[in-house]
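Everything in the sequence shown is counted per the numbering used here, starting at 35 for the first residue and increasing by one. Glycine included, every Cβ here is placed at the ideal spot set by N, Cα and C. It should be emphasised that the depicted structure is a prediction, and the values quoted were computed from it without experimental measurement. See structure below.
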Amino acid sequence: MMDRSWIPAPVSHADDAVQLERIAQTVAAGPFTDTWDSLRGYRPARWFGEAKFGIFLHWGVYSVPAFGSEWYSRSMYQQGTREFAHHVETYGSQSDFGYKDFIPQFHMHDFDPDAWAALFRRAGAQYVVPVAEHHDGFAMYDSARTRWNARQMGPSSDVFGALGAAVRDQSMTFGASSHRAEHWFFMNGGTAFDSDVRDPEFSDFYGPAQREETSPSRAHLDDWLLRTVEIIDRYRPEILWFDWWIETEAFEPYLRTLAAYYYNSAHEWGREVVIAYKWNAFADGAAVYDIERGAMSTVQPFVWQNDSAVSRNSWCWIEGHDYKSIPELLGELLDVVAKNGNLLLNIGPKPDGTIAEPEIAILEAIGDWLAVNGEAIYGTVPYHVPGEGPLQIKGGSFVDGESSIFSADDFRFTTRHDVTGSYLYASTVVWPETGSVVLTTLGRRHQVEPREIAEVRLLGEAEPLVWRRELDGLHVELGDRRTGAHGYALKVSFAPPAPARRTDFLHQL
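This is the structure we're talking about:
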């Protein structure tokens, strides 16, 4: 018999009705009500539209086995899977050593939230969204609704809250992601054979473990709402990110209630906030649309988000990551921003609380590019066309399975209009083999850009470049200039429009 002394007593939900009534009162107080007509009056936070780049974190108990993916807690109970066989061979039967028994090894002894936040800041991130609770049901925050949380087990500290404080100290925006909805069915494989999922002592962790084909019960829906509100009230995240399955019909009234509560709470805080959702969970205009590992095929009239990862094969820490290259990740950022989106890029810390060296190197390389060329990213708006070049990114979800690498002819465009002038930025991740480039979109023949060009600069360089505008494009001489290892951004300044000719009626007479 394994030692279970580290598991605290279950918590009581005796005041759930009181908490639900409090939520209803906040919704009733406005300014938003729990109707789609009201929620369509939401406007995405200005900070979000300007931020462009955030860090996502998958950290949790699943990082201890570090095998397969962050879905280990589900797959280890599904007979016939690699994870099931690996678990039995490595740890023994699921009845003797279940998923819960990884928790004491998830100690995060070397966790340094200030160092993490400093790294994210160096990477150029403007917001950070750690997982508050994944499908496995283990809360990474200090929760009064479940004993299975990081404050009482594993790290035995509120690592979520500590990271939030460090992130805000670095002048970044802090958010939270919730994957709780899927817990309705996530551990159900363990009910098909002799495993600890069947043990009633742990039903508050593994349960409900129901069939995915069935609608969640009212108790599960109430608990989902109350857990999400607990995160809102305790940590005041300025972005809430939801994974799939909340689009299930049973969640619809709960989503309306949650959104109204969150937006009304933010109104009281004096903050602008964001809800990010997938598929068709929210009505158009009521929140911000998010695509997993995805892209848009062209410029969108609304701000959106792509949540992606530095690794192709897992969101959490595992042995044997298939990491994307730095040029590919930078290209992903440029393509998303050119189409009016944000990139939320995921890393997966280790169970000891450290971040793997390859992931640190990736983030610092992105930060190096943004330190020089960030003017072409932050606070920009899309151009008429997203870019030019032979690389065409396919729109949709889960399109990052194969590498998409820029060539020296691939550029993505952004624009800026302020009191100093009007600018077009052409960004790429590849230096040309020769000392010159041609932006065909700006050729006089194409008539995409009727304005006259006043100057062309290389971001990171003080002196303007030599250029000429021909029928076939804008020819720019870079020479041997190199402002970084992974490409550059050109800043094209447009000449101010000629003053209108004054028409003086008396003079004409």
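Proximity winner among 502, 469, 489, 385, relative to residue 513 (alpha-carbon distances): 469
Give me the residue from 193, 124, 329, 523 with the minimum Cα distance to residue 378. 329
Give the single residue among 273, 427, 105, 135 whose Cα lies nearest to the Cα of residue 88. 273
Please report the Cβ distance between residue 227 and residue 113, rounded to the nearest whole angstrom; I am assuming they are in contact, meaning their Cβ atoms lie under 8 Å. Confirmed, Cβ separation roughly 7 Å.
In this structure, does DSSP put residue 371 in helix, strand or coil? helix
Quick one: what's got a C-beta closer than 6 Å to residue 543's C-beta in the same chain, skipping five residues either side? The predicted position of residue 543 is uncertain, since its pLDDT is 43 and thus under 50; a value taken from the coordinates is nonetheless stated next. Excluding residues within five positions, none has a Cβ falling inside 6 Å.
Per DSSP, which residues does residue 472 bridge with? Please list them. 509
Measuring only the C-alpha atoms, how far is residue 432 from residue 327? 5 Å
Can you give me the C-alpha to C-alpha distance between residue 233 and residue 186, rounded to a whole angstrom? Straight-line Cα distance between these residues: approximately 21 Å.
Three-state secondary structure assigned by DSSP to residue 446: Reduced to three states, the DSSP call for residue 446 is strand.
When you compare the CB positions of residue 414 and residue 448, do they come within less than 7 Å of one another, or not? yes
So, at 6 Å on beta carbons, what are the nonlocal neighbours of residue 475 in its own chain, with the 5 sequence-adjacent residues on each side left out? 422, 482
Spell out the partners DSSP gives residue 89 in its beta bridges. 162, 379
Taking 7 Å as the threshold (C-beta atoms), are residue 519 and residue 459 in contact? no
Alpha carbon to alpha carbon, how far is residue 411 from residue 295? Cα-Cα distance, rounded: 32 Å.
Where residue 355 falls, given that 16 or more other Cβ within 10 Å makes a residue buried: In this structure residue 355 is buried. Its beta-carbon is surrounded by 16 or more other beta-carbon atoms within 10 angstroms.
For residue 184 and residue 212, believed in contact at Cβ under 8 Å, the rounded distance: No, residue 212 and residue 184 are not in contact; Cβ-Cβ is about 15 Å, not under 8 Å.
Which whole-angstrom value describes the C-beta separation of residue 488 and residue 528, a residue pair presumed to lie in contact below a C-beta threshold of 8 Å? 6 Å
Would you mind reading off the limits of the beta strand (DSSP E) that contains residue 461? 455-462
Does the stretch 83-100 come into contact with the stretch 372-392, if we say contact requires no fewer than three beta-carbon pairs (one atom in each stretch) closer than 8 Å? yes
Could you tell me whether any Cβ in chain B is nearer than 7 Å to the Cβ of residue 82? Here chain B cannot be found, since the structure has a single protein chain.
Once DSSP output is grouped into helix, strand and coil, what is the label at residue 542? Reliability fails at residue 542, whose pLDDT of 46 lies under 50, so the model's placement of it is uncertain and the value that follows must be treated cautiously. Helix.
Should residue 182 go down as buried or exposed, given a rule of 16 or more other Cβ atoms within 10 Å for buried? buried
Ordered along the chain, which non-local residues of its own chain (more than five positions away) have a Cβ less than 6 Å from that of residue 250? Answer for residue 250: 218, 284, listed in chain order.
Going by the beta-carbon positions, is the gap between residue 238 and residue 388 smaller than 7 Å? no
Applying the 10 Å Cβ sphere with the 16-neighbour rule, what's the burial state of residue 52? exposed
Would residue 261 be called buried (16 or more neighbouring beta carbons within 10 Å of its own) or exposed? buried
Inter-residue spacing [alpha-carbon to alpha-carbon] between residue 352 and residue 102: 7 Å
Using 10 angstroms around the beta-carbon of residue 40, count the other beta-carbons present and answer buried if the total reaches 16, otherwise exposed. Under this definition residue 40 is an exposed residue.
How long is the line joining the alpha carbons of residue 540 and residue 531, rounded to whole angstroms? The pLDDT assigned to residue 540 is 44, lower than 50, so where the model puts this residue is not dependable; a value taken from the coordinates is nonetheless given after this. So the alpha carbons of these two residues sit roughly 26 Å apart.
Tell me residue 207's beta-bridge partners as DSSP assigns them. 161
Spell out a yes or no on whether the stretch 148-163 and the stretch 193-203 are touching, meaning 3 or more CB-CB pairs, one atom from each, closer than 8 Å. yes
Is it the case that the stretch 121-130 contacts the stretch 163-177, given that we only count it when at least three CB pairs across the two stretches are under 8 Å? no
Just mark residue 516 as buried or exposed, buried being the case when its beta carbon has 16 or more other beta carbons within 10 Å. exposed
Which word fits residue 338, buried or exposed, when buried means at least 16 other C-beta atoms lie within 10 angstroms of its C-beta? Result: buried.
Which class does residue 195 belong to by DSSP, given the choice of helix, strand or coil? helix
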